[in-house]
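Below you'll find the structure, written out as structure tokens, and then a few comments.
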């Protein structure tokens, strides 16, 4: 069996349905092997960053590793920022990168990145944005290296694993390994677990649970909901974990942090214990909560140490929650009455919320539009909500939504600003080519809105340097891409009509809505009502 055929067979055996990539001379043999394998669908992207975000979105939505393949040189380097997001957000991705033949390493090969003879060392570059990076030096090394990469990507600290495979080795013969071995697991810290359970028992009815993205990644939503009932607890979610807990539950109090809800701080102020589940609580997620976190007892379940002082129970989220459940016993006590919800919801977000169906994927981009969407849009019932705050890069949503649609077989909804669209929005062409069920919503305020907001609130400027001339995104795409349903909207009513029309489609569609650049996101410090001190604003923004 050729090396590339072994890779394809291994991916198929793991239940991977889609592979994302951009072609090139040093990866073409793997492209051919994927075609021969038959059960893997190759999604050809326009840019390696987008291919990486597709794999990231696939992994977040499916619970299986995402797979991205690229060629050497600039193609490989274009993949780096996508893997940086996956690394920061602990998303399991396998990246297979082609390299020039071994015989030409250090001898002037085109796109040489072996680190020889003054060339870039791709292994060092990718090691900085991965949990595991290996360059294959012989065909016999590949089966073991592939298994090690998959174990690393899906281990207790998941993330991207990178395989660098020279072209001449890709068609070499290999002897397949019999089966994949299991990833090693961290042993549960029983002493920390016992102390955590004692604290939780003493705070029944007075506990706030803050759920992070690790809840979804470890498929622990049901376990979290059960524990909330056992503890008679209120539940908040971090911005990137909107789908970690039922947003319509009477226990749900909102989103934490800069783009979140004031009710979370109120719930924490009345709690004697705060349990962090699947989050390290980074700065964007803890803004406005610091003083109350210092006051109450804080516990954390995560495979890495939290960013705030806490009793840390290191381990896999689902297994740890189940261990706590066994010790605490059955649920009891009624759910609390829901707190009042924020009434700052724009008509556009209301229209989007009404249109998103059960089981859909909601993928939110960075910037002012993203902040408003995280605050105002609930996670789709029975679906997924993806937000990339590991690196917070603009344009992530366009590729990730396609990956999520491939993973789930359900429609994805992108909510992005025009600034994000201008970066990576032309990847919409890939959705059209593959008839992927994605509705791309571009809220167009003709600016880099978050930069304009900072300029006005922090620098005393008028934000003009970050503004663009008015464009017609949907109309332009409709003219450029025949067959793409495109709706240019000037008001929320037109938006509702466009969303209704898109609900009848099988493939992609794009909707753009003109919005006001002067509108500020609903940041928790309420800049419209009270102007905070500059230091507070700088931390929040």
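Numbering (my numbering), first residue to last: 286 to 826.
Every residue, glycine too, gets a C-beta built ideally from N, C-alpha and C.
In this structure, residue 442 places its C-beta atom within 8 angstroms of the C-beta atom of residue 416. Boundaries of the alpha helix (DSSP H) around residue 704: 703–709.
Secondary-structure assignment with DSSP links residue 384 through a beta bridge to 451. Three or more Cβ pairs closer than 8 angstroms define a contact, and the stretch 430–437 falls short of that threshold against the stretch 386–406.
DSSP places residue 688 within a helical segment (H, G or I) once states are collapsed to three. Contact between residue 346 and residue 339 does not hold, since the beta-carbon distance rounds to 11 angstroms and is not under 8 angstroms. Short of 6 angstroms from the beta carbon of residue 564, and not among the five residues preceding or following it, lie these beta carbons of its own chain, in chain order: 497, 523. When the five nearest sequence neighbours on each side are left out, the beta carbons in the same chain lying within less than 6 angstroms of the beta carbon of residue 651 are those of 677, 679, in order along the chain.
In the three-state scheme derived from DSSP, where H, G and I count as helix and E and B as strand, residue 458 is classed as strand. Apart from sequence neighbours up to five positions away, the residues of its chain that approach residue 333 with a beta-carbon distance below 6 angstroms are 307, 355, 360, 363, 364, ordered along the chain.
Going by C-alpha positions, residue 579 is about 18 angstroms away from residue 487. Boundaries of the beta strand (DSSP E) harbouring residue 327: 326–329, taken from the DSSP string.
At a Cβ-Cβ threshold of 8 angstroms, residue 713 and residue 647 do not count as neighbours.
Residue 609 and residue 559 have their C-alpha atoms roughly 15 angstroms apart. For residue 322, the enclosing alpha helix (DSSP H) has its first and last residue at 313–322.
Residue 428 has its alpha-carbon roughly 12 angstroms from the corresponding atom of residue 422. Take residue 735, set aside five residues on each side of it, and the residues of its chain with a beta-carbon closer than 7 angstroms to its own are 652, 653, in chain order. In the three-state reduction of the DSSP assignment, residue 500 falls in the helix class, which pools H, G and I.
Here residue 458 has 286, 287, 288, 424 as same chain residues with Cβ atoms under 8 angstroms from its own Cβ, once five neighbours each way along the sequence are excluded. Within 10 angstroms of the beta-carbon of residue 291 lie 16 or more other beta-carbons, which makes it buried.
Distance between residue 375 and residue 444, taken at the CA atoms: about 4 angstroms. In terms of CA proximity to residue 599, 474 leads the group 750, 474, 503, 328. Counting along the chain, residue 347 sits inside the alpha helix (DSSP H) bounded by residues 333–347. Distance from the Cα of residue 799 is smallest, within the candidate group 756, 792, 788, for 756. Assignment of residue 519 by DSSP, reduced to helix, strand and coil, places it in the strand class.
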